[in-house]
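Participant: Here it is: the structure, laid out below.
Chains as they are written, first to last, in the numbering used here: chain U, 17 to 240; chain W, 43 to 267; chain Y, 155 to 418.
Next comes the structure, spelled out in structure tokens:
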């Protein structure tokens, strides 16, 4: 099943979502809808609530109030490993997931868990210019390359929704261009993309809509 | 190599322990007081290694071997890495204590440390975070705290590896502006970054590395090509 | 597993050396004690320490989770499989000496758990660093002690991040025993590899902050001490010396009879 078929009909909704970490309110009554196949940039200063909002899509954070849904799935009724069938989440700090002895084995891990074609891992590695590293141990690679490997791992799972938290932090022009090209291909295929990023070049290149958060509220939502 | 250079390398090569390839090959460069030198290159080209060698952290702490000439007259190098969360001491529960840690290690008097820390927190725009636990900060806030900690050591040579990786554009501009001010105070600044455009705006010179070799050492515009 | 949490108890406010001294003294004393009654007193002392730290609820669960299985195992090994004479305990025949041994050993572990988990919950690592810095303890020794105390919370945080990342790649927790075993690799390996990488990073981070400068660090905010706390710590030392002197006195007979007679 291709990403385009999977994503058809999948929209994302946050309905009156609020959350706090003890004393600090992180999100206040946020209602937001993202349509299937949209490409959205989530903007705002550090601490505005962007990461908390996206983590709710995976069920990593359960809102204190409100509901979150991905297509016809209510996230509250699903585990994170179940949400992984629909949502690919690329963490800002990538190293916490690398464990395999080779880059190829690590990138294949996600597709194997989800029953997706494992040969896609090789294709994605080539797409991101990592085909020369397939047999290398991830921890032998420079930090930006390790981050690219974890992105490859997310892409190889062929999710219908991609959530990317600072995907190009630490990347030079060349690596950024590779990531932008990969995202364009997926957006053309109908994948919904949410990018949390301070990288304006990335945002300008891939996002058609931007949503700005400030102190846990949506303060702007516009077509770019 | 100028006598006044804080760091000088003459046909320097460096290999990490157990590696057959050179991370740096035949590098000749110097950094003087008051300069902001931009270091650019693809991942794996040796930019981070150059900083480690320039600050005398390699091979001393990371292993490996140097061939060629290296002279470091900087008495107080200070380094900032791209991953701020790896630079926390893990021993401090407040931002203030974290930034004070370095000066305290150098046995400065308490009042002087308090003044230094207060100044650097203000300059980096994180004074309002001084009582916060560093572990609770966002990536951008933490990165500014780590830069403040490096500056609180009153370095004569400041080495930075992608110091704005976690910052939003406005904060990144402010940080690079601060690097220019710091150089104007007589500090030698060596900054490696993939954000070449931003770095080139404040740099007086740019070095471009490719596969560990210097392919450009001169005008910052050369790094933009 | 627990770590430091803020609070206003007497132990939180105390100089960090004081709860450490009390817990260490309890550790030494509990090994000098030989009877269930004496051990019971020290278990009670551990619980009282936790109450003094306003941490009984926080500490009791992990302490008992570790202590109870240990007690059960000791009961089986010593109580049920121990030597004669035995007496009936319901349907079981329990060794008299074995049961005593199990209670003594299990009680020691319980007392130590309550005491040291209370120390973990009430002694702030940064205050301990400042206290040791003020006393001019070398940074190496300071770091060794403090990083040991904070190891578990740090590893726990990292483990939680790894768990999230792997779940987001489709790793399911639970399931058959084989599935659980297979899930260990992606969870444990990043933890170990990351911990090793963290050691390298910490060495660099601390070096860049001047810990190898060779100078005596400035204590920025040393915790206040008092004559009463000083006295408590010295009482702990005297109690330990006294308890162990009583235990080792017979051994002096082996060294020289006059020493034994002199110490009676």
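Heads up, the beta-carbon is just placed ideally off N, CA and C, and yes, glycines get one too. None of the values given here were measured: they were computed from a predicted structure.
1. In the DSSP assignment, what are the bridge partners of residue 30 of chain U?
2. Assess, as a yes-or-no matter, whether the region 129-139 of chain W is touched by the region 280-287 of chain Y under the definition of 3 or more beta carbon pairs within less than 8 Å.
3. For the region 252-282 of chain Y, which residues have a beta carbon sitting closer than 7 Å to at least one beta carbon of chain W?
4. Which residue comes first and which comes last in the alpha helix (DSSP H) that contains residue 293 of chain Y?
5. How would you write the range of the beta strand (DSSP E) that residue 203 of chain W sits in, first residue to last?
6. Could you check where the beta strand (DSSP E) with residue 211 of chain W kicks off and where it finishes?
7. Where are the alpha helix (DSSP H) runs, 4 residues long or more, that stay fully inside the region 94-152 of chain W, in chain order?
8. Return helix, strand or coil for residue 202 of chain U, following the three-state DSSP convention.
9. Using a beta-carbon distance below 8 Å, is residue 62 of chain U in contact with chain B?
10. Below 7 Å on C-beta distance, what does residue 326 of chain Y contact in chain U?
11. Can you tell me whether residue 188 of chain Y is buried or exposed, with buried defined as 16 or more other CB within 10 angstroms of its CB?
12. When DSSP builds the beta bridges, which residues end up paired with residue 37 of chain U?
13. So, at 8 Å on beta carbons, what are the nonlocal neighbours of residue 17 of chain W in its own chain, with the 5 sequence-adjacent residues on each side left out?
14. Compare the Cα-Cα distances from residue 246 of chain W to each of W:104, W:81, W:181 and W:86 and report the closest residue.
15. Beta-carbon within less than 6 Å of residue 136 of chain W's beta-carbon, same chain only, minus the 5 sequence neighbours each way: which residues are those?
16. Anyone know if the C-beta pair for residue 211 of chain U and residue 57 of chain U falls short of 8 Å?
17. When you compare only the Cα positions, how much space is there between residue 90 of chain W and residue 110 of chain U?
18. In the DSSP assignment, what residue or residues form a beta bridge with residue 259 of chain W?
19. If the cut is a Cβ gap below 9 Å, which residues of chain W does residue 188 of chain U touch?
20. Less than 7 Å between C-beta atoms, sequence neighbours within five positions excluded: which residues of the same chain meet that for residue 34 of chain U?
21. With a threshold of 7 Å on Cβ separation, who are the neighbours of residue 24 of chain U within its own chain once the five nearest residues in sequence on each side are excluded?
22. With respect to the alpha helix (DSSP H) encompassing residue 167 of chain U, which residues constitute its N-terminal and C-terminal limits?
23. Below 8 Å on C-beta distance, what does residue 108 of chain U contact in chain W?
24. Going by C-alpha distance, which of W:223, W:92, W:257 and W:197 is nearest residue 50 of chain W?
25. Kindly indicate which three-state DSSP category residue 153 of chain U falls into: helix, strand or coil?
26. Do the region 230-241 of chain Y and the region 181-201 of chain Y make contact, defined as three or more Cβ pairs closer than 8 Å?
27. Label residue 139 of chain W either buried or exposed according to how many other C-beta atoms from any shown protein chain fall within 10 Å of its C-beta, with 16 as the threshold for buried.
28. Between residue 165 of chain U and chain W, is any beta-carbon pair separated by less than 8 Å?
29. Considering only the beta carbon of each residue, do residue 71 of chain W and residue 210 of chain W sit closer than 8 Å?
30. Go through its chain and collect everything with a Cβ distance to residue 317 of chain Y's Cβ below 8 Å, but skip five positions before and after it.
31. List the residues of chain Y whose Cβ lies closer than 7 Å to the Cβ of residue 144 of chain U, in chain order.
32. Can you tell me which of U:134, U:88, U:209 and U:36 puts its alpha carbon nearest to the alpha carbon of residue 54 of chain U?
33. So is residue 155 of chain W in contact with chain Y if we call contact Cβ pairs under 8 Å?
34. Against chain W, with Cβ distances strictly below 8 Å, would residue 214 of chain U count as a contact?
35. How big is the Cα-Cα spacing for residue 217 of chain W and residue 179 of chain W?
36. Could you round the C-beta distance between residue 234 of chain W and residue 262 of chain W to whole angstroms and report it? I think they count as a contact, below 8 Å.
Facilitator: Quick look at the numbers:
1. U:48 and U:84
2. yes
3. 278, 279 and 280
4. 293-321
5. 199-203
6. Not the beta strand (DSSP E): residue 211 of chain W falls in the alpha helix (DSSP H), residues 211-226.
7. 137-147
8. helix
9. The displayed structure is made up of protein chains U, W and Y, and chain B is not among them.
10. 97
11. exposed
12. U:40
13. Residue 17 of chain W cannot be examined here, being either before or after the span of chain W that is shown, 43 to 267.
14. W:81
15. 173
16. yes
17. 19 Å
18. W:249
19. 82, 83, 84, 85, 235, 236, 237 and 238
20. 43, 44, 45, 79, 80, 81 and 82
21. Here the model assigns residue 24 of chain U a pLDDT of 49, short of 50, so the residue's position is not dependable, and the following value carries that caveat. Correct list, in chain order: 52 and 206.
22. 159-171
23. 181
24. W:92
25. coil
26. no
27. buried
28. no
29. no
30. 327 and 341
31. Within 7 Å Cβ-Cβ: nothing; residue 144 of chain U doesn't reach chain Y, min ~17 Å.
32. U:209
33. yes
34. yes
35. 18 Å
36. With 8 Å as the limit, residue 234 of chain W and residue 262 of chain W do not qualify as a contact, their Cβ atoms being about 14 Å apart.
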